[in-house]
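Asker: Numbering (full-length UniProt numbering), first residue to last: 1 to 299. Below is the structure I would like to discuss, written out as structure tokens.
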């Protein structure tokens, strides 16, 4: 008799906190939306984080194989009740698409609620400079600069500090570079020299966006230079006919430089970021620029 009770308890369904209804053939997009809204209120009251579904690209590119996998996984989860839980392709795809559109609405709401990222201070007492950088960026060693940080997810976004050798040049003030406009030309020329390519069909477009000077709270004058550089390359560099060599955009980046002079050296803080990322993170990047300071090193 005890065994019979256990078997009955095994087949009994218990209520669970799930976004899926008990029967996909009865799936209704409006009903699911109302359920999501109700449970979203419960999450907000409890302080829980919202659940965000995957992107449409990941959903749609899966095709029939993705739907088949979903059906098999759901059936396996139900175990002995696989026959009672039949999933049609149409209903499964409707569920996935509804989840995507609802997630898009959620993402728009989250985007407006994002806050500026925190900054962390870096101080080099040996070489005499300091700055703040995004706290989630990581340091990369062996990059050729005196110090190098980059975003762990956006690989084209990074920060570095370069300084001249005191034995090869003697800088007294930042004005030794000339006015900010002249300094901007020198900075752009240096960038283009570093990005010079030996590939056939590579073309670079560059533009100085702004140059300025400011006196920081340490009493020193700093120059700021912003440039944009675009790189184009032919899709078929070895093609004979010109119509077969179509130029395409490889990358479009914003370069931000802050220049300062101390210890008979020229210091340059460099920020590199894709243009589309700069539009989203401009406030944080300008905070990094404004934090750059050069310090006197004890002899």
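Each residue gets a CB set at the ideal place from its N, CA and C atoms; glycine is no exception.
Taking all protein chains shown into account, decide if residue 246 is buried (16 or more other Cβ within 10 angstroms of its Cβ) or exposed.
Answerer: The residue you call residue 246 lines up with position 246 of the chain shown. The residue in question, residue 246, is exposed, as its Cβ has fewer than 16 Cβ neighbours within 10 Å.
Asker: Buried or exposed: residue 283, going by 16 or more other Cβ atoms within 10 Å of its Cβ?
Answerer: Your numbering for residue 283 matches position 283 in the chain shown. Exposed.
Asker: Is the CB-CB distance between residue 164 and residue 265 below 8 Å?
Answerer: Residue mapping note: residue 164 aligns to position 164 of the chain shown, counting from 1. Residue mapping note: residue 265 aligns to position 265 of the chain shown, counting from 1. Their beta carbons are under 8 Å apart, which means residue 164 touches residue 265 by this criterion.
Asker: Roughly how many angstroms lie between the CA atoms of residue 120 and residue 287, to the nearest whole one?
Answerer: For this step, residue 120 is matched to residue 120 along the chain shown. For this step, residue 287 is matched to residue 287 along the chain shown. Rounded to whole angstroms, residue 120 to residue 287 spans 11 Å at the Cα level.
Asker: Could you tell me whether any non-hydrogen atom of the ligand ADP is closer than 7 Å to the CB of residue 267?
Answerer: Only the bare structure without any ligand can be found here, which leaves the ligand ADP out of the picture.
Asker: Who are the Cβ neighbours of residue 138 in its own chain at under 6 Å, not counting the five residues just before and after it?
Answerer: Working through the chain shown from its first residue, we reach residue 138 at position 138. The residues are 152.
Asker: Once you ignore the five residues that flank residue 290 on each side, which residues in its own chain have a CB closer than 7 Å to its CB?
Answerer: On the chain shown, residue 290 is found 290 positions in, with the first residue counted as 1. Same-chain partners within the cutoff: there are none.
Asker: May I ask you to report which of helix, strand or coil DSSP gives residue 170?
Answerer: Here residue 170 is taken as the residue at index 170 of the chain shown, counted from 1. Residue 170: coil per DSSP, three-state reduction.
Asker: Closest to residue 155 by C-alpha separation, out of 299, 123, 140, 135, would be which residue?
Answerer: In the chain shown, residue 155 corresponds to position 155, counting from 1. Nearest option by C-alpha distance: 140.
Asker: Quick check on residue 164: does DSSP put it in helix, strand or coil?
Answerer: As a position in the chain shown, residue 164 is number 164, starting the count at 1. Residue 164 falls in the coil class under three-state DSSP.
Asker: So, at 7 Å on beta carbons, what are the nonlocal neighbours of residue 207 in its own chain, with the 5 sequence-adjacent residues on each side left out?
Answerer: Counted from its first residue, the chain shown places residue 207 at position 207. These residues qualify, in order along the chain: 227, 228.
Asker: Locate the alpha helix (DSSP H) running through residue 191, then write down its first and last residues.
Answerer: For this step, residue 191 is matched to residue 191 along the chain shown. Residues 180-194.
Asker: Name the one or two DSSP bridge partners that residue 121 has.
Answerer: If you number the chain shown from 1, residue 121 lands on position 121. Note: residue 121 sits in a beta bridge opposite 132.
Asker: What number of angstroms, rounded off, separates the C-alpha of residue 150 from the C-alpha of residue 132?
Answerer: Residue numbering aside, residue 150 sits at position 150 when the chain shown is read from its first letter. Residue numbering aside, residue 132 sits at position 132 when the chain shown is read from its first letter. Distance between the alpha carbons of residue 150 and residue 132: 13 Å.
Asker: Which one of 192, 213, 215, 211 has the shortest CA to CA distance from residue 204?
Answerer: Counted from its first residue, the chain shown places residue 204 at position 204. Comparing Cα-Cα distances from residue 204 to each of 192, 213, 215, 211, the minimum goes to 192.
Asker: Consult DSSP for residue 210 and reduce its assignment to one of helix, strand or coil.
Answerer: Your numbering for residue 210 matches position 210 in the chain shown. Here residue 210 sits in strand by DSSP.
Asker: Could you compute how far the alpha carbon of residue 259 sits from the alpha carbon of residue 236?
Answerer: Here residue 259 corresponds to residue number 259 of the chain shown, with the count starting at 1. Here residue 236 corresponds to residue number 236 of the chain shown, with the count starting at 1. Residue 259 and residue 236: Cα-Cα distance of roughly 40 Å.
Asker: How long is the line joining the alpha carbons of residue 269 and residue 232, rounded to whole angstroms?
Answerer: Taking the chain shown and counting its residues from 1, one reaches residue 269 at position 269. Taking the chain shown and counting its residues from 1, one reaches residue 232 at position 232. Cα to Cα, the separation comes out at about 26 Å.
Asker: For residue 126, which of helix, strand or coil comes out of DSSP?
Answerer: Mapped onto the chain shown, residue 126 falls at position 126. Residue state, collapsed to three classes: coil.
Asker: Tell me whether residue 178 is buried or exposed, calling it buried when 16 or more other Cβ atoms sit within 10 Å of its Cβ.
Answerer: On the chain shown, position 178 is the one that residue 178 refers to. So residue 178 counts as exposed.
Asker: Nearest CA to the CA of residue 262: which residue from 230, 297, 215?
Answerer: Taking the first residue of the chain shown as 1, we reach residue 262 at position 262. The shortest Cα separation from residue 262 among 230, 297, 215 belongs to 297.
Asker: So residue 275 and residue 254 are supposed to be a Cβ contact under 8 Å. How far apart are they, rounded?
Answerer: The residue you call residue 275 lines up with position 275 of the chain shown. The residue you call residue 254 lines up with position 254 of the chain shown. With a Cβ gap of about 5 Å, residue 275 and residue 254 count as contacting.
Asker: Closest to residue 143 by C-alpha separation, out of 221, 161, 190, would be which residue?
Answerer: Counted from its first residue, the chain shown places residue 143 at position 143. Taking only the C-alpha atoms, the option nearest residue 143 is 161.
Asker: Given that a residue counts as buried once 16 or more other Cβ atoms are within 10 Å of its Cβ, and exposed if not, what is residue 135?
Answerer: Stepping through the chain shown from its first residue, residue 135 is reached at position 135. Result: exposed.
Asker: Based on the DSSP secondary-structure assignment, which residues constitute the bridge partners of residue 228?
Answerer: Counted from its first residue, the chain shown places residue 228 at position 228. 207, 254.
Asker: From the DSSP output, read off the bridge partner residues of residue 282.
Answerer: In the chain shown, residue 282 corresponds to position 282, counting from 1. DSSP lists no partner for residue 282.
Asker: Give me, in chain order, the residues of the same chain whose beta-carbon lies closer than 6 Å to that of residue 187; leave out the 5 immediate sequence neighbours on both sides.
Answerer: Stepping through the chain shown from its first residue, residue 187 is reached at position 187. Excluding positions up to five away in sequence, the list reads 225, 257.
Asker: Are the beta-carbon atoms of residue 218 and residue 293 separated by less than 8 Å?
Answerer: Numbered from its first residue, the chain shown carries residue 218 at position 218. Numbered from its first residue, the chain shown carries residue 293 at position 293. Yes, the Cβ-Cβ distance between residue 218 and residue 293 is below 8 Å.
Asker: Starting from residue 270 and walking both ways along the beta strand (DSSP E), at which residues does that stretch end?
Answerer: Residue mapping note: residue 270 aligns to position 270 of the chain shown, counting from 1. Residues 265-274.
Asker: With distance defined between alpha-carbon atoms, name the residue in 221, 214, 181 nearest to residue 173.
Answerer: Indexing the chain shown from 1 puts residue 173 at position 173. Ranking 221, 214, 181 by Cα distance to residue 173 puts 221 first.
Asker: Please determine, among 167, 194, 201, the residue with the shortest C-alpha to C-alpha distance to residue 145.
Answerer: Within the chain shown, numbered from 1, the residue matching residue 145 stands at position 145. That would be 194, whose Cα lies nearest to the Cα of residue 145.
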